[in-house]
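Chains as they are written, first to last, in my numbering: chain P, 25 to 343; chain Y, 6 to 391.
Below is one structure, written out as structure tokens; comments come after it.
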Amino acid sequence: MEKYSIEVKNLSKKFGSFTAIDGVSFGVKAGTIFGFLGANGAGKSTIIRMLCGLLEATSGTATVGGFDIRREPESVKRIIGYMSQKFSLYEDLTVLENIRFFGGVYGLDSKTIEERSGWILEMAGLNGQGKKLARSLALGWKQRLALGCALIHRPEIVFLDEPTGGVDPLSRRRFWELINSLSESGVTVFVTTHYLNEAEYCNDIRLIHAGRIVAGGSPGELKTGYILNPILEVSVDDPVQAMEVLKGEPWLLGVSLFGTRLHVGAADETESPAAISRALTGRGLSVNSIRKIRPSIEDVFIKKIEDESRPDKDTGRGR
Amino acid sequence: MSWLRVRAMIRKEILQISRDPRSLAFLIFLPAFMLVLYGFVLNFDVKHLSLGVLDQDRSPESRALIERFAVTEYFDLVAAMDSPDEVNRLIDREKIKVGLVIPAAFSEKIADGRNSPVQVIIDGTDASSASTAMGYVAAILADHSLKINAAALARRGLRLTSLPVVSRTRVWFNPELRSARFLLPGLMAFILMTVLVTSTSFAVVREKERGTMEQILVSPLKPAEMITAKVIPYVFISLVSAHLILLAGYVLFGVGIRGSYPLLLLFVTVFLLDGLGQGVLISTVTRTQQVAFIMAVLSTLLPTFILSGFVFPIREMPRLIQAITYLVPARYFLTGLRGVILKGSGFPILWPQLAFLAVFGFVVTAVSILRMKKEGAGESGKRGPR
Numbered sequence: 025m026e027k028y029s030i031e032v033k034n035l036s037k038k039f040g041s042f043t044a045i046d047g048v049s050f051g052v053k054a055g056t057i058f059g060f061l062g063a064n065g066a067g068k069s070t071i072i073r074m075l076c077g078l079l080e081a082t083s084g085t086a087t088v089g090g091f092d093i094r095r096e097p098e099s100v101k102r103i104i105g106y107m108s109q110k111f112s113l114y115e116d117l118t119v120l121e122n123i124r125f126f127g128g129v130y131g132l133d134s135k136t137i138e139e140r141s142g143w144i145l146e147m148a149g150l151n152g153q154g155k156k157l158a159r160s161l162a163l164g165w166k167q168r169l170a171l172g173c174a175l176i177h178r179p180e181i182v183f184l185d186e187p188t189g190g191v192d193p194l195s196r197r198r199f200w201e202l203i204n205s206l207s208e209s210g211v212t213v214f215v216t217t218h219y220l221n222e223a224e225y226c227n228d229i230r231l232i233h234a235g236r237i238v239a240g241g242s243p244g245e246l247k248t249g250y251i252l253n254p255i256l257e258v259s260v261d262d263p264v265q266a267m268e269v270l271k272g273e274p275w276l277l278g279v280s281l282f283g284t285r286l287h288v289g290a291a292d293e294t295e296s297p298a299a300i301s302r303a304l305t306g307r308g309l310s311v312n313s314i315r316k317i318r319p320s321i322e323d324v325f326i327k328k329i330e331d332e333s334r335p336d337k338d339t340g341r342g343r
Numbered sequence: 006m007s008w009l010r011v012r013a014m015i016r017k018e019i020l021q022i023s024r025d026p027r028s029l030a031f032l033i034f035l036p037a038f039m040l041v042l043y044g045f046v047l048n049f050d051v052k053h054l055s056l057g058v059l060d061q062d063r064s065p066e067s068r069a070l071i072e073r074f075a076v077t078e079y080f081d082l083v084a085a086m087d088s089p090d091e092v093n094r095l096i097d098r099e100k101i102k103v104g105l106v107i108p109a110a111f112s113e114k115i116a117d118g119r120n121s122p123v124q125v126i127i128d129g130t131d132a133s134s135a136s137t138a139m140g141y142v143a144a145i146l147a148d149h150s151l152k153i154n155a156a157a158l159a160r161r162g163l164r165l166t167s168l169p170v171v172s173r174t175r176v177w178f179n180p181e182l183r184s185a186r187f188l189l190p191g192l193m194a195f196i197l198m199t200v201l202v203t204s205t206s207f208a209v210v211r212e213k214e215r216g217t218m219e220q221i222l223v224s225p226l227k228p229a230e231m232i233t234a235k236v237i238p239y240v241f242i243s244l245v246s247a248h249l250i251l252l253a254g255y256v257l258f259g260v261g262i263r264g265s266y267p268l269l270l271l272f273v274t275v276f277l278l279d280g281l282g283q284g285v286l287i288s289t290v291t292r293t294q295q296v297a298f299i300m301a302v303l304s305t306l307l308p309t310f311i312l313s314g315f316v317f318p319i320r321e322m323p324r325l326i327q328a329i330t331y332l333v334p335a336r337y338f339l340t341g342l343r344g345v346i347l348k349g350s351g352f353p354i355l356w357p358q359l360a361f362l363a364v365f366g367f368v369v370t371a372v373s374i375l376r377m378k379k380e381g382a383g384e385s386g387k388r389g390p391r
């Protein structure tokens, strides 16, 4: 049996009459990178906040590191690290003062704090900048410093709530490298993001939409398990116009715009390209190429959300 | 309570305070500065009332009476008038507060041994000055009449040796009845409360606004530890400002401490804890610094000014209002402070005041800790940004 770091059963959260989280269940295996994927407001943060003890669940149960989040919140706090999009640093304190403060709050003695601050500076790429005010750091560095502060007590499980929000692509990549090395060292990482491409970095993903888990699995499983029909990438000169045309064709399973190209869900891959081509040229649109591609997480996401929004939805929750 | 955690939090608070020297200066010097300001402005002593005289008699007797008024420090003779109309005009223009009209037959009637009325007109727009002025006028006239009688008896070879009943009044604790002495303890309570509650009400709400609160709530730091750590640095800072107030009171208004300094220190410290506790409480129930500021001002300014006995005596208030004053910590502080500073009373007399202050402090602190606990597991994220 595999060891789970986090186990959630039927967890719900209501704010008044609004159901933010509607009975979600999942398990996070120890030492993996577990990703929550969803649009803003889908409920990702609400789940994290409940697991970290910042918010009380309305119903359901959850354990974090084997501790019940309702009955043993203090034990949970000791073994988790938490970092949110806001990079909650004290802007009027220096880098080192921030590290020392968070070390102290976790009850570390000054010798340990001194040791670990060296490691955090190294990790955040802030060597020699310990005396700089946090306020003066660029966003990418703030983000890594915040992560370092959240890790100072060497937690078993780290919750990262939209950790890459607003950060430039290069810093984002560097940040994911950090997350990877954390996971390699045995730390369980629970991360939320609305950048669909970041899902590729995770071992296990849940797609969340309107407070419910709509799909889950590894990136590979998601791509092959949910979309059984072929996805065709159509390259045309006027993709917007072409999308309008193809949306009018009832035999297509879905059309979405990806940059300058269209992704079209087709019933089969032998007949459909020719049919698409005919439909477009018939309306005076020239087709550059049509080829079959491996579906991306985004394709899955869009398909699942379209399925969910359909009035006669027949898809169950989760898998 | 883990001392390591509390110490880390105190260090952080001190660093943050030191990074913001303007707020620190505000906290330390504003109270003393306000004392100077209020101390000079809030003066209930009625002296140097402007006096105008219409002397229609122009006799040595009338001049002697005017002289009696002019030599006192209560009245300043600012105008000699020629007609009754002028009296009206000068009072309307607020040139004079008191008008004295001596009619033409004044000396004649005195010489005849008859009653010789003079007219006194007082501007009653400021009722409290007016009633004090009436008292002064009556006393001066009575004294003057006595002198006239004595002189008349002397002329007949008789001597007025003594009056049957003489009052020998001694005013204790504030012999000169200077309002500064009476007001200083109240001012101290008022200023400390307003400044302290306002500045500490920012302490927790600031962390909420900046998002750092969340980071603390997921850590093992307990609400009680956090509140202790938030309050301790401010206790020391406000003790400094309280001493500056005492110093300013002594240097500028000559108000020294009659009673025991340790007892005074105890009163001040407990009162500071109350104020700080109230500030932190406000901080835990509000979300933004603006709201916290408004609540701090409303909950300190008026109650401390009106309901503490600072200006208006509590025993003359309606019963319901009197009941409310029991909830105002400044009330107990004020009684204690007046006791120690003016009367030199000791602990055996003042301990109930101290006890009430301590209870208030205990309650506000307990409520804020409970509030924080609820926040930790509770509804903090309800309206927060996702």
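Yeah, the Cβ is synthetic: ideal placement off N, Cα and C, and Gly gets one too.
Below-7 Å beta-carbon distance, residue i vs any chain P residue
i	result
residue 26 (chain Y)	no
residue 216 (chain Y)	yes
residue 327 (chain Y)	no
residue 17 (chain Y)	yes
residue 386 (chain Y)	With a pLDDT of 42 at residue 386 (chain Y), under the threshold of 50, the predicted position of this residue should be treated as unreliable, and no value is reported.
residue 20 (chain Y)	yes
residue 383 (chain Y)	Any reading at residue 383 (chain Y) must be qualified, since the residue scores a pLDDT of 46, below 50, and its modelled position is unreliable; the value itself is stated next. Residue 383 (chain Y) counts as touching chain P.
Three-way DSSP call (helix, strand, coil) for residue i in this model
i	result
residue 154 (chain Y)	helix
residue 322 (chain Y)	coil
residue 12 (chain Y)	helix
residue 240 (chain P)	strand
residue 183 (chain P)	strand
residue 207 (chain Y)	helix
residue 6 (chain Y)	coil
residue 130 (chain P)	coil
residue 258 (chain P)	strand
residue 54 (chain Y)	strand
residue 140 (chain Y)	helix
residue 95 (chain P)	coil
Proximal residues of chain P, C-beta to C-beta of residue i below 7 Å
i	result
residue 225 (chain Y)	98, 101, 102, 130, 131
residue 219 (chain Y)	78, 108, 112
residue 208 (chain Y)	Ordered by position in chain P, no residue passes the 7 Å Cβ test against residue 208 (chain Y), which lies about 13 Å from the chain.
Counted within 10 angstroms of its Cβ, other Cβ atoms place residue i as buried (16 or more) or exposed
i	result
residue 218 (chain Y)	buried
residue 66 (chain Y)	buried
residue 376 (chain Y)	buried
residue 287 (chain P)	buried
residue 238 (chain P)	buried
residue 340 (chain Y)	buried
residue 5 (chain P)	Because residue 5 (chain P) is not part of the residues shown, which for chain P are 25 to 343, the question remains open.
residue 252 (chain P)	exposed
residue 273 (chain P)	exposed
residue 160 (chain P)	exposed
residue 132 (chain Y)	exposed
residue 295 (chain P)	exposed
residue 57 (chain Y)	buried
Residue i beta carbon near the ligand COA (any heavy atom closer than 6 Å)
i	result
residue 192 (chain P)	No copy of the ligand COA occurs in the structure displayed, which carries no ligand at all.
Below-7 Å beta-carbon distance, residue i vs any chain Y residue
i	result
residue 58 (chain P)	no
residue 125 (chain P)	yes
residue 92 (chain P)	no
Proximal chain P residues relative to residue i, where beta-carbon distance stays under 8 Å
i	result
residue 9 (chain Y)	128, 131, 132, 133
residue 222 (chain Y)	77, 78
Where residue i meets chain Y, residues with beta-carbon distance less than 7 Å
i	result
residue 222 (chain P)	Those within 7 Å of residue 222 (chain P) in chain Y number zero; the least Cβ separation is about 18 Å.
residue 121 (chain P)	20
Contact list for residue i against chain Y, beta-carbon separation under 9 Å
i	result
residue 46 (chain P)	Ordered by position in chain Y, no residue passes the 9 Å Cβ test against residue 46 (chain P), which lies about 16 Å from the chain.
Interface partners of residue i on chain P, CB under 9 Å
i	result
residue 14 (chain Y)	125, 128, 129
Listed by chain order, chain Y residues near residue i by CB distance under 8 Å
i	result
residue 117 (chain P)	17, 20, 21, 24
At a CB distance below 7 Å, what residues from the segment 261-279 of chain P approach chain Y? Give them in sequence order. Within the segment 261-279 of chain P, no residue has a Cβ that lies closer than 7 Å to any Cβ of chain Y.
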